[in-house]
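Residue numbers are given in my numbering: position 103 of the sequence shown equals residue 136, and the series is strictly consecutive. By construction, the Cβ of each residue, glycine as well, lies at the ideal position given by its N, Cα and C atoms. Step one of this worksheet: look at the structure below.
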Amino acid sequence: MIRIPRRIAIVFFIIIVHSGLRAQPKIVINELMYAPKSPEPEWVELFNFGTDSIDLTGWHISNHSRTEPFSNISIAPNSFLVITHDSAKLVTKHSSIPSRVVQMTMPSLNNSGDSITLRDSTNRIIDQVDYLPSWGGANGRSLERIEELLPSDASNFSESVDSAGATPGRINSVRRKNFDVAAYSIKRISYTSTNATLRFIFQNRGRQAVTNIPYTLYRAGGSVPVTTGFTTHTVAPLEFDTVTFDWADADLGYSALSLITSYPGDENLSNDTTIDTIYIPIPQHAIVINELMITPAFSYSEWIELYNQTNNRCDLTGTIITIPNIDSIHSYSVNSLHIAPKSFGVIAASSRFTAVDVHPTDNADTVHTTSFHLLPSGSSVIFLNADSSLIDGVSYDASFLSNNISSLSGISLERKHPDGSSTDKINWGSCVAPAGSTPFAPNSITFDSANSFAAISVNAMPNPFSPDNDGFEDISRITITAPTDAEQTVTVRIYDCRSRMRRSISESMRFVRELQMDFDGKDDHGVPLESGLYTMITQTGTSTSRKGIVIVKRK
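So this is what it looks like as structure tokens:
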């Protein structure tokens, strides 16, 4: 007996074992057409992503119930092979297949799902795909593999997005690109009454690492960026990266936002944009109920004017107007209404809303219409967020309106100060504007303290005065002084105690710094006014002044 030295024996053992451990062939089931539209036949595409040609002689392909062998077939390196039971019909459907097509008997591909297995000549499983209709491909489109190096599960297959519905014999339409950066999502991390912190998430779906991903955030449908920037980390393939954005004066309510990335060389533009909706409840009194049209004139609509006191854009989608009546409570959902910072919006009870002599400003959104009814004798109007938290509420009764007005028809109830109490009678009064209401404009009985405009100075001397033609104090001289040297226009009107306009002293008169004009105590028709207290309302482009003026006639 010849004894073999131990060292040589170990070498022989390693050689024998190594010869038995053949490298796994680099071949995968790459695409399936399991639910074709007639006359296209079923077919399977294989992909050899290795550097060696592979002889498939003795190999088998099977489903749950049937196995079919390959015969005298090979597949070149980095190449595709399409197998089908009817190559003529396949070529008729896809006329330009750039790879080899082989006609052979093959197991059927069940539309309800199946297990397709590829085995080599030693019966070793090379690849297996257990597909289901939920993966896609159940409507005449193929089921394509995304990445040949990843497992053959649902996460690595997707329905073809190619215009032909499939890619037999060529690169899959869903195959991972070398460079493919996706805008993944927008998340709200935290918020305060005015600001929000957002997290932008990106995914590198390509084969190559990326860095410095550019991004831009827009309001959905908008063209002015909310913010732009770049990520700073190197992101490996299939990994995620995040950016935190502190949004000062963030939009309140529901905000649809578009996150867009445009990475240089990106080969897949279909996932460069994601649109997400974030929600920030509107804080209490950020928007106030500013004016109510309770008794509209003729057949016009009742309406509720809202004023946005903040520097934040507000989307009122999903907010709720609740109006308790005597025997019931009615709630109305706001479908879509945007109010810009320091601006107005109107909710009307019908399309018969009209704004006589008043037109929406550039910042005002269109009127939202919903059906509701405001009781002239008194009621409440409660304004709620979508989560039912309170934004503002008003409880009014008939005493809020002026009892000196013969008819309240077409006269609105105005708030005097946006930051004053919503339920205090002293903060409300009847509109004194000639039109009877001021939708989309500052209220007639107040200077909007939420604005930072410098007020004009208005004086009338003498006051009281006696226009009785005796040559003594027959005229009151009105002096208007502006805070700057900028040219302005001014309108001065006189109202009686019943809120009726009696005299227009000036209409949009232009002046610089100071203007003087005389009031002779007569109405617009030249008829002397009765003795009594009148209200002089002076309006410029920056402020409104309300001042009492008294006429006293000596007998």
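Practice task
Identify the continuous alpha helix (DSSP H) that holds Val-124 and give its terminal residues.
Solution key: 120-126
Practice task
In the DSSP assignment, find the unbroken beta strand (DSSP E) run with Ser-223 in it and report its ends.
Solution key: 214-224
Handout entry: Spatial neighbours of Phe-103 in its chain, beta-carbon cut-off 6 Å, leaving aside the 5 residues before and after
Key = Leu-89, Trp-92
Problem - Residue nearest to Ala-641 in terms of C-alpha spacing, selected from Val-523, Ser-376, Asn-368 - result: The structure shown does not extend to residue 641, since the chain is modelled only from 34 to 588, so the question has no answer here.
Exercise for the section: Would you decide whether Thr-244 is buried or exposed? Buried here means 16 or more other CB atoms lie within 10 Å of its CB. Expected result: exposed
Handout entry: Cut-off 6 Å between Cβ atoms - residues of its own chain near Val-379, not counting five sequence neighbours on either side
Key = Trp-336, Glu-338, Val-400, Pro-472
Practice task
State the DSSP-derived secondary structure class of Val-544, mapped to helix, strand or coil.
Solution key: The residue asked about is misnamed: residue 544 is Phe in this sequence, not Val. Residue state, collapsed to three classes: strand.
Problem - Cα-Cα separation between Thr-261 and Ile-308, rounded to whole angstroms - result: 16 Å
Problem - For Ile-444 and Val-276, the rounded distance between their alpha carbons - result: 52 Å
Exercise for the section: Evaluate Glu-78 with the Cβ neighbour count: other Cβ atoms within 10 Å of its Cβ, from every protein chain shown; 16 or more gives buried, anything less gives exposed. Expected result: buried
Practice task
Let me know if Ala-281 comes out buried or exposed under the rule of 16 or more other beta-carbons within 10 Å of its beta-carbon.
Solution key: exposed
Problem - Alpha-carbon to alpha-carbon, Tyr-429 and Met-550 - result: 39 Å
Problem - Cβ separation of Lys-580 and Ala-493, assumed to be a contact under 8 Å, to the nearest whole Å - result: 7 Å
Practice task
State the Cα-Cα distance for the pair Leu-114 and Val-134, rounded to the nearest angstrom.
Solution key: 6 Å
Exercise for the section: Using the Cα positions of Ser-2 and Ser-303, report the straight-line distance between them to the nearest angstrom. Expected result: The first residue shown for the chain is 34 and the last is 588, placing residue 2 beyond what the model contains.
Handout entry: Assumed close pair Gly-286, Thr-350 - CB separation to whole angstroms, cut-off 8 Å
Key = 6 Å
Handout entry: Alpha-carbon to alpha-carbon, Asp-425 and Ser-600
Key = Because the chain is modelled from 34 through 588, residue 600 falls outside the range shown and cannot be assessed.
Handout entry: Candidates Ser-132, Lys-126, Lys-122: closest to Asn-111 by CA position
Key = Ser-132
Problem - Closer than 9 Å to chain B by CB, Leu-292 - result: Absent from the structure is chain B; it holds one protein chain and no more.
Exercise for the section: Return the bridge partner residues of Val-560 from the DSSP annotation. Expected result: Bridge partners of Val-560: none, in fact.
Handout entry: Counted within 10 angstroms of its Cβ, other Cβ atoms place Glu-563 as buried (16 or more) or exposed
Key = exposed
Handout entry: Given Asp-85 as reference, the closest of Ile-94, Gln-57, Leu-65 once Cα atoms are compared
Key = Gln-57
Handout entry: Opposing strand residues paired with Tyr-251 [DSSP bridges]
Key = Pro-258, Ser-291
Exercise for the section: Would you mind sorting Leu-566 into buried or exposed? The rule is 16 or more other CB atoms within 10 Å of its CB. Expected result: exposed
Exercise for the section: Put Trp-168 into one of helix, strand or coil per three-state DSSP. Expected result: helix
Handout entry: Phe-235, buried or exposed, once every other Cβ within 10 Å from all chains shown has been counted against 16
Key = buried
Problem - Every unbroken alpha helix (DSSP H) inside the stretch 453-523 [4 residues or more] - result: none
Problem - Identity of the residue in Leu-165, Thr-230, Leu-441, Asn-81 nearest Tyr-312 by Cα - result: Thr-230
Practice task
Please work out which residues of its chain come closer than 6 Å, Cβ to Cβ, to Ile-222, disregarding the five sequence neighbours upstream and downstream, and give them in chain order.
Solution key: Thr-230, Arg-232
Handout entry: Supposed contact pair Thr-117 and Trp-76 - C-beta distance, whole angstroms, cut 8 Å
Key = 4 Å
Practice task
Pick helix, strand or coil for Ala-319, following the three-state DSSP scheme.
Solution key: coil
Practice task
Determine the closest residue to Pro-409 out of Ser-432, Phe-416, Asn-418, with distance taken between C-alpha atoms.
Solution key: Ser-432
Practice task
Report buried or exposed for Gly-411, applying the criterion of at least 16 other Cβ atoms within 10 angstroms of its Cβ.
Solution key: exposed
Exercise for the section: Can you say whether Lys-126 is buried or exposed, counting buried as having 16 or more other CB atoms within 10 angstroms of its CB? Expected result: buried
Exercise for the section: Name the two residues that bound the continuous beta strand (DSSP E) containing Ile-337. Expected result: 336-341
Handout entry: Sub-9 Å separation of Asp-299 and Phe-190 beta-carbons
Key = no
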